[in-house]
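Here the structure is laid out as structure tokens; the discussion comes afterwards.
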Amino acid sequence: PFTKQAGHSKACGSRRCFFTEDRVFFNHTNLQAVIFYGSELEIGDLPLPRKENHDWALLHEESPKNNFVFCMPNILPWFNHTATFRRSSDLPLTLQYLNDIADLTSKEFFVETASKETVKTNLSLVAYVQSDCNTPIERDAFVSELMKYINVDSYGKCIHNKDLPKELSSAMEAMDNKHFWRLLANYKFHIAIENYACEDYITEKLWRPLIVGSVPIYFGSPSVVDWLPNNADSAILVSNYSGPEDLAKAIKKIDGNNKLYESFLGHKLHQRISNKALLNTMKKRRWGVNDAKRPSFVEEFECLVCSRVWKRLESPRRVNFVANASHYSCDPPQSMLKKQSRGFWRELYRQAKTEAQVLEDILQANVAVDEQYLQNKILSSLHSSSRSN
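Residue numbers (the working numbering): 931 to 1319.
Next up, the structure:
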């Protein structure tokens, strides 16, 4: 799936499965599973009626804001197999943005503290690089408030106040450019705020500063400490402070004490990673990121589904694989400043809750519906919900 190929047969261990995106196979007698990509799932485009032997698999590694319907606890149990950013999914993709554990200890980009001190006259203490300026947690609003108390260089489209060197035309185009990473390595701190706060939703925003040797100022997954190279000693956690002013004071305190500052850089200075969960997860991971020697996580998920289907078919007893809410669900969006979501995102989340109930009704009835019926049903449910509130 997701390769735009007409179809191909693939070996998964000792078993083999045929994968295709051609919908003509929906009615094939040998069809055993359908894999959905979460961000592109449309309720009105489901392969219904669903046969008893049809497994449904969900691949959804992207931000919760892309499709809030999966945040609702009543939806995940309709799927049999999952690959999401949550560690409890069948194929956890929590560390999908970390290519190699060695990147964390490598000194390819690392700049010593003394050298960082010498460039302070040209650079601010903190770097910020973002292109998504409309986030459910109001990331830009928080950073703008932080800027009242500490200098921040913003290279991206959001709160832009500093231009890149001419050879790096735009921050977004330069994201994987080594020259850009070397520039970021000169900063003592790097704002790493996800666009949504959800368990295990961790992106390149965290790994980039850790790889270049800058201290992340992190907000996002509440359990991020579980994945940091040296746990709580590897990042400044925004959630530990009462607000932007309190956070700015902490950053300045850490900046003013080189010993304290370098206590966050054990993975670079001592090339030491003490987090056994991180080490073990990366060691056991069979898939890679842009790795010609290993399958991608999409290919790995295909084989997981293939193997499980064969297990179901060959087992003398009935085998059922059922997902649950812990495989994805996320809480409603909250602003980092106001402790409540913005109206726009709050409304989208509320609407998704209604859509999830309509979807569950359709799945229970197990009948195909057209787009017009679906929209009328959702609008009717939203109207009823508004009146009851």
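Each residue gets a CB set at the ideal place from its N, CA and C atoms; glycine is no exception.
Alpha carbon of residue i to alpha carbon of residue j, nearest angstrom
{"i": "Ala1282", "j": "Ala1013", "result": "21 Å"}
{"i": "His938", "j": "Arg946", "result": "10 Å"}
{"i": "Cys1343", "j": "Pro977", "result": "As shown, the chain starts at 931 and ends at 1319. That puts residue 1343 outside it, with no answer to give."}
{"i": "Val1297", "j": "Arg953", "result": "18 Å"}
{"i": "Glu1129", "j": "Gln1026", "result": "14 Å"}
{"i": "Ser1084", "j": "Ala1057", "result": "6 Å"}
{"i": "Pro1159", "j": "Leu1208", "result": "7 Å"}
{"i": "Gln1302", "j": "Ile1132", "result": "37 Å"}
{"i": "Lys1078", "j": "Glu1134", "result": "26 Å"}
{"i": "Ser1310", "j": "Asp1070", "result": "35 Å"}
{"i": "Lys1307", "j": "Ala1222", "result": "47 Å"}
{"i": "Ala987", "j": "Phe966", "result": "6 Å"}
{"i": "Arg1215", "j": "Arg1138", "result": "20 Å"}
{"i": "Leu1053", "j": "Val999", "result": "42 Å"}
{"i": "Gln1264", "j": "Pro1152", "result": "13 Å"}
{"i": "Ala1286", "j": "Thr1211", "result": "33 Å"}
{"i": "Pro1095", "j": "Asn1188", "result": "28 Å"}
{"i": "Ala963", "j": "Val1239", "result": "8 Å"}
{"i": "His990", "j": "Thr1048", "result": "44 Å"}
{"i": "Gly1273", "j": "Ser1045", "result": "45 Å"}
{"i": "Ser969", "j": "Gly1186", "result": "44 Å"}
{"i": "Tyr1148", "j": "His1120", "result": "9 Å"}
{"i": "Leu1195", "j": "Ala1162", "result": "11 Å"}
{"i": "Lys1050", "j": "Val1145", "result": "16 Å"}
{"i": "Met1002", "j": "Leu971", "result": "15 Å"}
{"i": "Val1219", "j": "Pro1022", "result": "14 Å"}
{"i": "Gly1173", "j": "His1200", "result": "32 Å"}
{"i": "Val1288", "j": "Val1155", "result": "37 Å"}
{"i": "Ala1122", "j": "Cys942", "result": "38 Å"}
{"i": "Lys940", "j": "Asn1205", "result": "36 Å"}
{"i": "Leu1312", "j": "Thr1284", "result": "7 Å"}
{"i": "Asp1106", "j": "Pro1262", "result": "32 Å"}
{"i": "Lys1087", "j": "Tyr1279", "result": "26 Å"}
DSSP beta-bridge partners of residue i
{"i": "Pro1139", "result": "Note: Pro1139 sits in no beta bridge, so no partner."}
{"i": "Ala1057", "result": "Asp1083, His1120"}
{"i": "His938", "result": "Phe949"}
{"i": "Tyr967", "result": "Leu989"}
{"i": "Thr1014", "result": "His990"}
{"i": "Tyr1148", "result": "Ala1122, Leu1167"}
Residue i vs residue j beta-carbon contact at 8 Å
{"i": "His1090", "j": "Leu1098", "result": "no"}
{"i": "Phe1072", "j": "Gly1143", "result": "no"}
{"i": "Leu1333", "j": "Asp985", "result": "Coverage of the chain is limited to positions 931 through 1319, which leaves residue 1333 absent and any answer about it impossible."}
{"i": "His1330", "j": "Arg1016", "result": "A query on residue 1330 cannot be resolved here, the shown segment of the chain reaching from 931 to 1319 and no further."}
{"i": "Asn1116", "j": "Val1059", "result": "no"}
{"i": "Val1252", "j": "Arg1242", "result": "no"}
{"i": "Leu1055", "j": "Ile1031", "result": "no"}
{"i": "Asn1004", "j": "Glu1277", "result": "no"}
{"i": "Leu1304", "j": "Gly974", "result": "yes"}
{"i": "Thr1065", "j": "Lys1198", "result": "no"}
{"i": "Ser1169", "j": "Leu1140", "result": "no"}
{"i": "Glu1357", "j": "Gly1150", "result": "The structure shown does not extend to residue 1357, since the chain is modelled only from 931 through 1319, so no value can be given for it."}
{"i": "Lys1118", "j": "Tyr1171", "result": "no"}
{"i": "Glu1232", "j": "Phe949", "result": "yes"}
{"i": "Glu1068", "j": "Met1266", "result": "yes"}
{"i": "Leu1076", "j": "Leu1167", "result": "no"}
{"i": "Thr1024", "j": "Trp1217", "result": "no"}
Endpoints, the beta strand (DSSP E) within which residue i is located
{"i": "Asp890", "result": "Residue 890 is absent from the structure shown; the chain starts at 931 and stops at 1319."}
{"i": "Ile1005", "result": "First-last for Ile1005: undefined, no H or E at that position."}
Residue i Cβ short of 7 Å to the ligand MN heavy atom set
{"i": "Pro1246", "result": "Summarising the ligand content, the structure contains no ligands, and the ligand MN is consequently not present."}
Alpha helix (DSSP H) segment containing residue i, residue limits
{"i": "Phe1231", "result": "1227-1244"}
{"i": "Trp1157", "result": "Trp1157 -> no alpha helix (DSSP H), and no H or E assigned at all."}
{"i": "Asn1210", "result": "1206-1214"}
{"i": "Val1252", "result": "Per DSSP, Val1252 belongs to no alpha helix (DSSP H) and is neither H nor E."}
{"i": "Phe1274", "result": "1273-1295"}
{"i": "Ile1184", "result": "1174-1185"}
{"i": "Gly1196", "result": "1196-1199"}
{"i": "Trp1217", "result": "Premise fails: Trp1217 is in no alpha helix (DSSP H) and is neither H nor E."}
{"i": "Phe998", "result": "From DSSP, Phe998 is part of no alpha helix (DSSP H); its letter is neither H nor E."}
{"i": "Tyr1191", "result": "1188-1192"}
{"i": "Phe1072", "result": "1069-1076"}
{"i": "Thr1048", "result": "1043-1048"}
{"i": "Arg1112", "result": "1108-1114"}
{"i": "Leu1034", "result": "1032-1035"}
Minimum Cβ-Cβ distance from residue i to chain D less than 8 Å
{"i": "Ala1253", "result": "Absence of chain D from the displayed structure is noted, only one protein chain being present."}
Evaluate contact between the stretch 999-1009 and the stretch 1225-1245, counting only Cβ atoms and requiring at least three cross-stretch pairs below 8 Å. no
For the 8 Å Cβ check, are there 3 or more pairs between the stretch 1123-1140 and the stretch 988-1003? yes
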